[in-house]
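Some notes on the structure that comes next.
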Amino acid sequence: MSIEMTPKKRLLNALGGGRVDRTPVIALSNWCVELQQSTGAKFPLSQTDPYEMAKLQSGRYEVWGMDLLISHNDVLSEVTMLGAPIDIGSVDKQPSVLKNPLAGVDPRNYELPKNFLEIGRNPIVDKCAEILVEKYEGLVPVFRLMAGPMLIAGHAWGVDNLCKWINTDPDKYEAAIQICTDLWIETARNSIDSHGVHGTYTTDATASGDLIDRTTFERYLLPEYTRFMKATKDVHSFMHICGNTRPYVDLIPNSGFDGFSFEGPGISVKEVKDAVGKRTALIGNLPTLPIILEGNPELIEKESAKAIADGVDILAPACGTPPLTPNANMIALARSVEPRKFKRKLITMKKVDIEKRHLPLEEEYRALTKSVIEGKILETKKMTEDLISKGRDPKEIIEKSILPGVITISELYDSGFVFIPELLLAADSMMEGVKKCQETLKDQVDSEDKIKILMHVAEGDVHEIGKNIVKAILSAKGYGVIDLGKSVEPKKVVEEAINRNVHIISGTSLMTSTRGAFPRVAELMKEKGLDIPFIIAGCAVDHSFAESMDYAVYCKGPEDSKPVFEGLKSDKKWKEIRDQVHKEYK
1 MSIEMTPKKR
11 LLNALGGGRV
21 DRTPVIALSN
31 WCVELQQSTG
41 AKFPLSQTDP
51 YEMAKLQSGR
61 YEVWGMDLLI
71 SHNDVLSEVT
81 MLGAPIDIGS
91 VDKQPSVLKN
101 PLAGVDPRNY
111 ELPKNFLEIG
121 RNPIVDKCAE
131 ILVEKYEGLV
141 PVFRLMAGPM
151 LIAGHAWGVD
161 NLCKWINTDP
171 DKYEAAIQIC
181 TDLWIETARN
191 SIDSHGVHGT
201 YTTDATASGD
211 LIDRTTFERY
221 LLPEYTRFMK
231 ATKDVHSFMH
241 ICGNTRPYVD
251 LIPNSGFDGF
261 SFEGPGISVK
271 EVKDAVGKRT
281 ALIGNLPTLP
291 IILEGNPELI
301 EKESAKAIAD
311 GVDILAPACG
321 TPPLTPNANM
331 IALARSVEPR
341 KFKRKLITMK
351 KVDIEKRHLP
361 LEEEYRALTK
371 SVIEGKILET
381 KKMTEDLISK
391 GRDPKEIIEK
401 SILPGVITIS
411 ELYDSGFVFI
421 PELLLAADSM
431 MEGVKKCQET
441 LKDQVDSEDK
451 IKILMHVAEG
461 DVHEIGKNIV
471 KAILSAKGYG
481 VIDLGKSVEP
491 KKVVEEAINR
501 NVHIISGTSL
511 MTSTRGAFPR
521 VAELMKEKGL
531 DIPFIIAGCA
541 VDHSFAESMD
551 YAVYCKGPED
561 SKPVFEGLKS
571 DKKWKEIRDQ
581 VHKEYK
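Mapping the sequence shown onto my numbering, position 394 (from 1) lands on 394, and the numbers just tick up by one.
See below:
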């Protein structure tokens with residue numbers, strides 16, 4: 001007869017590769033409305049007062065039945081130590097960075113503040129952890145939640161800058177990552193030595209394979225992960241990385257992390273298990289949108305059993321828990337034990353086939369398209385000027401040569417053949433060519449006659465690389481683009497759409513925790529009688545989520561939005577347009 005373990009022994013044994021009485025269950029984030037209500041934690045004190053914060057965190061164990069408590073929910077504590085101002089959020093929205101504090105500062109010449117452990121949210125977070133350790137010592141483990149070096153650096157210098165530096169100024173990128181690792185290590189050691197935490201949980205969201213390639217991961221990040229683990233080897237630690245980790249997942253165990261949390265459905269449990277074997281504990285991997293948020297207890301138990309059967313060592317949502325997740329679903333997750341197996345079908349295309357789809361037949365146009373794909377900015381500029389000097393129609397150059405280049409690089413990115421640095425260079429190259437064409441155009445459509453689209457990134461989300469690339473493509477096609485930027489409140493989105501008389505609203509969301517802003521946009525549109533399509537995009541949403549609200553049309557990429565614009569020209573309503581677009585995803 002087996003003896004029931006405490007949550008602390010169960011989780012630490014699982015991370016150490018030891019025997020457990022059952023699969024441990026944890027959650028990566030618990031900023032959830034129902035849990036706040038159940039624990040009596042009051043906003044904004046639950047984000048600013050360590051005792052109120054600890055009250056909410058205790059709900060992980062007391063209400064949901066999880067095997068792990070963490071110090072807090074957000075991943076901004078570290079960057080506030082560097083002076084970043086933040087929006088504290090709301091009862092259903094996580095805090096967000098308002099400004100990159102080190103934008104414009106050369107990381108090679110930057111030194112951490114001497115008293116950074118006493119700055120920003122860190123003292124509050126450490127005190128919360130200390131309260132939890134004292135209350136649950138010996139029963140439930142308490143881990144310090146931390147941002148990893150790529151995430152900290154992205155918040156500090158800006159993700160766009162980091163991604164560009166990888167190719168243009170690798171010394172700057174390396175310096176930024178090393179500085180942030182220094183902060184990461186010192187913060188962890190302080191939480192371990194002075195506040196008694198039993199381990200660390202790091203999320204390095206922007207280290208995703210959607211943003212960097214295997215070479216960058218292996219050369220710059222893996223050594224810093226290893227350095228962190230050597231500095232904290234006296235406690236257990238696990239790492240979470242968002243998005244696609246397929247390019248380098250086999251390297252994760254080399255870092256020394258005891259556990260690895262990965263996001264589905266971007267990569268399946270069985271794929272990760274095949275790649276890492278028994279070298280690290282696998283944590284995951286229930287998709288947060290269709291299963292954790294929108295599913296029911298029966299579905300969650302079924303999908304949990306599949307994940308366990310396929311090899312997860314610690315059961316968890318694939319990413320942060322959405323704010324509107326019902327308590328009943330998380331309780332069901334904690335009770336899930338029955339194993340069942342399933343297989344995930346993978347569909348891929350060869351790189352050469354993707355390139356063939358869009359390369360023009362005419363040699364001069366073909367050469368310009370290749371220049372855009374390869375991100376050769378000066379070459380693209382010269383080739384465009386040469387074509388114009390030969391009397392080629394600037395509009396034709398854009399449509400038949402420049403845009404196919406950026407569409408090709410976007411599809412190569414979606415298929416994992418290129419990464420964000422290449423995508424950004426191609427976008428810059430495209431814009432240089434478009435700029436030369438637009439300088440010579442004499443017959444542009446009057447702005448009043450253009451289809452106008454208002455673009456924004458969901459409230460609380462600061463990742464706007466994808467939005468900026470789509471913006472450039474739509475501008476090049478001659479559409480009127482109004483860009484509200486990142487982390488935009490739903491009220492402002494609808495107000496601006498009305499004031500500027502736009503024909504389409506577009507919103508992107510990379511982080512699962514921020515996509516809840518989109519239903520609020522749709523509700524406000526309905527209140528104001530704004531009967532226009534609302535395109536939603538980004539890896540945090542899909543067509544099923546779009547169909548849960550009025551007006552919303554999911555578009556995976558810029559080319560998928562073509563039927564939306566064409567539909568408007570044919571006087572189609574949003575529902576008819578959505579039905580047409582979503583056929584491609586079903």
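Beta carbons are placed, not taken as given, at the ideal position from N, Cα and C, and that holds for glycine.
Since the structure is predicted, the reported quantities are computational estimates derived from the model, not experimental observations.
Looking from the CA of Gly154, the closest CA among Pro141, Leu98, Glu137 belongs to Leu98.
Secondary structure of Phe565 (DSSP, three-state): helix.
By the neighbour-count criterion, in which a residue is buried when 16 or more other Cβ atoms sit within 10 angstroms of its Cβ, Pro558 is buried. Rounded to the nearest whole angstrom, the C-alpha separation of Arg578 and Ala540 is 18 Å. Rounded to whole angstroms, Ala188 and Gly538 show a C-alpha spacing of 32 Å. CA-CA distance, Leu387 to Tyr585, rounds to 38 Å. In this chain, Tyr61 is not harboured by any beta strand (DSSP E); it is covered by the alpha helix (DSSP H) spanning 50 to 62.
In the structure shown, Thr380 falls within a helical segment according to DSSP collapsed to helix, strand and coil.
Counting other Cβ atoms within 10 Å of its Cβ, Asp313 reaches 16 or more and is therefore classed as buried. Cβ-Cβ distances below 8 Å link Pro360 to Arg366, Thr369, Lys400, Ser401, Pro404 in the same chain, with the five nearest sequence neighbours on each side left out; the list follows chain order.
Within the model, the alpha-carbon separation for His358 versus Glu489 is close to 37 Å. Contact annotation: the region 492 to 505 touches the region 521 to 529, with at least three C-beta pairs closer than 8 Å.
Minimum Cα-Cα distance from Leu441 among the listed residues Ser429, Ile451, Gly391 corresponds to Gly391. A Cβ-Cβ contact shorter than 9 Å links Cys32 with Pro322.
Straight-line measurement puts the Cα of Met330 at about 7 Å from the Cα of Ile292. The beta-carbon separation of Ala426 and Ile373, rounded to 6 Å, stays under the 8 Å limit for a contact. Of all alpha-carbon atoms in Ile473, Glu566, Ser410, the one lying nearest the alpha-carbon of Leu211 is that of Ser410. Around the beta-carbon of Glu432, 16 or more other beta-carbon atoms lie within 10 Å, marking it buried.
Proximity to Pro107 across Gly148, Ser38, Leu454, Ala156 peaks at Ala156, based on C-alpha coordinates.
Between the alpha carbons of Phe257 and Asp182 lies a distance of about 17 Å. Val581 and Pro290 have their alpha carbons spaced roughly 20 Å apart. Counting other Cβ atoms within 10 Å of its Cβ, Pro44 stays below 16 and is therefore classed as exposed. When beta bridges are read from the DSSP output, Phe534 appears opposite Ile505, Ala552. The beta carbon of Leu76 is closer than 8 Å to those of Ala84, Ile86, Pro95, Ser96, Val97, Arg121, Ala147, His155 in its chain, skipping five residues each way along the sequence.
DSSP assignment within the region 450 to 514 yields the following whole beta strand (DSSP E) runs of 3 residues or more, N-terminal first: 452 to 457, 480 to 483, 504 to 508.
A straight-line Cα-Cα distance of about 43 Å links Pro101 and Asp310. For Met5, there is no enclosing beta strand (DSSP E), as DSSP gives it neither H nor E. Rounded to the nearest whole angstrom, the CA to CA distance from Leu145 to Lys450 is 48 Å. Looking at the backbone, the Cα of Ala129 and that of Pro297 are separated by about 30 Å. Thr408 is the residue among Met511, Asp571, Thr408 whose C-alpha sits nearest the C-alpha of Lys356. Straight-line measurement puts the Cα of Ser71 at about 9 Å from the Cα of Ile131.
Our two residues, Lys172 and Gly158, have alpha carbons roughly 13 Å apart in a direct line.
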